[in-house]
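Colleague: Structure provided below as structure tokens; questions to follow.
Protein chains: 2
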Amino acid sequence: MMSHPLRTHIESVSKLTDEEFDYILSHFTTVKLKKHSSLVREGDLVKHEYFVLKGCLRSYVTDNTGKEFTYQFAAETWWISEREAFMKHIPASTAIECLEDCQLLALSYEDRAKLGREIWKYEHYLAVKSNMGYVALQKRLQLMIMGSAKERFENFVHQYPHLYNRIPKTHIASYLGVSRETISRLYRK
Amino acid sequence: MMSHPLRTHIESVSKLTDEEFDYILSHFTTVKLKKHSSLVREGDLVKHEYFVLKGCLRSYVTDNTGKEFTYQFAAETWWISEREAFMKHIPASTAIECLEDCQLLALSYEDRAKLGREIWKYEHYLAVKSNMGYVALQKRLQLMIMGSAKERFENFVHQYPHLYNRIPKTHIASYLGVSRETISRLYRK
DNA sequence: ATTTTTAAGTGACAAATGTCCTTTCACCAG
DNA sequence: CTGGTGAAAGGACATTTGTCACTTAAAAAT
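Protein chains in written order, with the numbering used here: chain A, 113 to 301; chain B, 113 to 301.
Below is the structure:
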């Protein structure tokens with residue numbers, strides 16, 4: 113029988129008993145959203161973080177000239193939120209939108225803290241996840257500084273082959289920090 | 113009377129009693145290094161993290177074509193180490209060198225964990241520091257993707273006016289992800 | 001003080017990438 | 001099926017940035 117995707121994800125860090133997982137899961141609520149709808153708008157207070165069961169989203173910021181920078185994508189089994197706003201209870205500076213119809217599990221700030229306190233393995237899972245996020249961010253910055261547009265693009269395709277055919281090129285471009293046209297030119301060859 | 117720089121730094125997060133600070137400080141050892149010497153070489157195991165009392169350092173990686181990317185600078189009251197190697201006990205992929213004669217306070221992995229366990233405020237200080245590091249990294253990535261060389265340079269000068277006249281331009285360039293010549297051109301105007 | 005070494009500034013040119021505009025293609029609603 | 005809408009491709013040209021070669025200035029060593 114199929115294990116729950118969230119359980120699988122947590123257990124990639126540490127195993128849980130059935131009771132523990134059921135208890136954890138009981139703190140989440142399900143959210144469904146249509147394609148193109150917003151999960152978070154700039155200026156919102158962000159009370160939850162989300163685990164993606166189905167669909168695909170992106171978080172992004174818009175600069176004063178209207179240009180967008182995609183900060184993160186999230187598809188099945190990824191977490192997404194506006195970290196700074198969620199952690200510090202300040203208005204979001206990053207928006208999150210659905211690129212497809214989505215089904216998410218939402219966990220509130222309070223319940224997150226509660227689970228962390230009550231279930232040591234969950235706390236550990238969060239710490240590991242946070243550290244991996246930091247390292248990934250480092251790698252992305254390094255590639256951004258040392259790599260050409262081509263290298264960054266190839267790295268993206270290699271790292272996320274499933275996203276590459278699922279997400280509009282415009283957004284991939286804004287994630288990589290290049291124009292959409294440059295992406296086109298790259299795989300012409 | 114003058115407070116210790118490390119104490120000042122920790123107390124920007126939470127106040128300590130004299131006893132607490134003395135106890136914390138007793139776990140550090142002093143390290144002195146000459147200009148141009150290496151604190152960490154690629155491949156080293158990294159047993160300590162360092163608080164800068166005097167001098168200036170940089171951490172950097174070198175790519176296969178010999179080009180360098182400066183990952184971080186650290187001057188007085190900054191921490192520096194090779195985070196991933198230090199945390200995971202793996203060989204360093206980033207080197208650290210002194211740009212000036214340096215005087216550092218070194219804290220071992222074990223003592224760091226010990227202090228975290230014994231002094232709740234120290235643990236908290238580490239958590240806050242880590243989170244600030246994450247947010248700073250986000251900002252840097254965003255500027256890297258959205259900003260021109262000029263914007264990145266101006267941001268650097270504005271953010272670190274003291275470093276700008278203290279560090280060779282070559283290194284500032286490798287921190288910003290541009291060539292040294294581009295830096296020259298920028299402040300010609 | 002003099003030499004030697006290292007960092008920085010400069011100009012000319014090449015390469016990468018951005019911008020703008022037009023065309024093509026795929027998909028969806030009616 | 002059809003018209004419309006949005007995404008992607010492609011070409012032409014502008015701009016930014018990199019590269020290389022050389023000069024100048026500053027700093028370190030003797």
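Ideal placement from N, C-alpha and C gives every residue a C-beta, glycine not left out. Since the model is a prediction, treat every value here as computed from it, not as a measurement.
For Phe140 of chain B, name the three-state secondary structure that DSSP assigns.
Modeller: Three-state result, Phe140 of chain B: coil.
Colleague: For a contact defined as C-beta to C-beta under 7 Å, what are the partners of Val247 of chain B on chain A?
Modeller: Correct list: Glu196.
Colleague: Given 8 Å as the limit, is there contact between the stretch 261-272 of chain A and the stretch 284-295 of chain A, that is, 3 or more CB pairs closer than that?
Modeller: A contact exists between the stretch 261-272 of chain A and the stretch 284-295 of chain A.
Colleague: Chain B beta carbons: is any one of them nearer than 8 Å to that of Val143 of chain A?
Modeller: No, because no Cβ of chain B sits closer than 8 Å to the Cβ of Val143 of chain A.
Colleague: Output the boundary residues of the beta strand (DSSP E) element that contains Glu161 of chain B.
Modeller: Note, Glu161 of chain B: beta strand (DSSP E), 160-166.
Colleague: Looking only at C-alpha atoms, which of A:Phe133, A:Arg170, A:Pro203 sits nearest to Lys147 of chain A?
Modeller: Minimum Cα distance to Lys147 of chain A is reached at A:Arg170.
Colleague: Which value, in whole angstroms, describes the spacing of the CA atoms of Arg119 of chain B and Tyr234 of chain B?
Modeller: Approximately 11 Å, taken between the alpha carbons.
Colleague: Which residues in chain B sit within 9 Å of Lys179 of chain A, going by Cβ to Cβ distance?
Modeller: Those are Met258, listed as they occur along chain B.
Colleague: Just tell me which of B:His274, B:Lys159, B:Ala187 has its CA closest to the CA of Glu194 of chain B.
Modeller: Ranking B:His274, B:Lys159, B:Ala187 by Cα distance to Glu194 of chain B puts B:Lys159 first.
Colleague: So, at 7 Å on beta carbons, what are the nonlocal neighbours of Tyr183 of chain A in its own chain, with the 5 sequence-adjacent residues on each side left out?
Modeller: Correct list, in chain order: Ser171, Tyr172, Val173, Thr206.
Colleague: Does the beta carbon of Arg264 of chain B sit closer than 8 Å to a beta carbon anywhere in chain A?
Modeller: Judged by the 8 Å Cβ criterion, Arg264 of chain B is not in contact with chain A.
Colleague: Report the three-state DSSP secondary structure of Tyr172 of chain A (helix, strand or coil).
Modeller: Residue state, collapsed to three classes: strand.
Colleague: Taking C-beta pairs closer than 7 Å, name the residues in chain A that Arg292 of chain B reaches, listed in chain order.
Modeller: Result: empty, since nearest Cβ-Cβ is about 14 Å, beyond 7 Å.
Colleague: Do Cys210 of chain B and Gly155 of chain B have their C-beta atoms closer together than 8 Å?
Modeller: Taking 8 Å as the Cβ cut-off, Cys210 of chain B and Gly155 of chain B do not qualify as a contacting pair.
Colleague: Report yes if the CB atom of Tyr299 of chain B is closer than 8 Å to the CB atom of Ile122 of chain B, and no otherwise.
Modeller: Taking 8 Å as the Cβ cut-off, Tyr299 of chain B and Ile122 of chain B do not qualify as a contacting pair.
Colleague: State the DSSP-derived secondary structure class of Ile122 of chain A, mapped to helix, strand or coil.
Modeller: Correct three-state label for Ile122 of chain A: helix.
Colleague: Are there 16 or more other CB atoms within 10 angstroms of the CB of Val240 of chain A, so buried, or fewer, so exposed?
Modeller: Answer is exposed; the Cβ neighbour count stays below 16.
Colleague: Please classify Trp232 of chain A as buried or exposed, where buried requires at least 16 neighbouring CB atoms within 10 angstroms.
Modeller: Its Cβ having fewer than 16 others within 10 Å, Trp232 of chain A is exposed.
Colleague: Are the C-beta atoms of Asp134 of chain B and some chain A residue less than 8 Å apart?
Modeller: False, the Cβ-Cβ gap to chain A never drops below 8 Å.
Colleague: Which chain A residues sit within Cβ distance under 8 Å of Gly289 of chain B?
Modeller: Result: Met256, Ile257, Met258.
Colleague: Does DSSP classify Glu263 of chain A as helix, strand or coil?
Modeller: Glu263 of chain A: helix per DSSP, three-state reduction.
Colleague: For the 8 Å Cβ check, are there 3 or more pairs between the stretch 210-227 of chain B and the stretch 138-153 of chain B?
Modeller: Touching, per the Cβ criterion.
Colleague: Can a CB atom of chain B be found closer than 8 Å to the CB of Asp175 of chain A?
Modeller: Interface residue, yes.
Colleague: Taking buried to mean at least 16 other C-beta atoms within 10 Å of its own C-beta, is Arg252 of chain B buried or exposed?
Modeller: Buried, by the Cβ-count rule.
Colleague: Distance check for Ser242 of chain B and Pro273 of chain B, CA to CA, integer angstroms please.
Modeller: Distance between the alpha carbons of Pro273 of chain B and Ser242 of chain B: 24 Å.
Colleague: Reducing DSSP to helix, strand and coil, say where Ser150 of chain A ends up.
Modeller: Strand.
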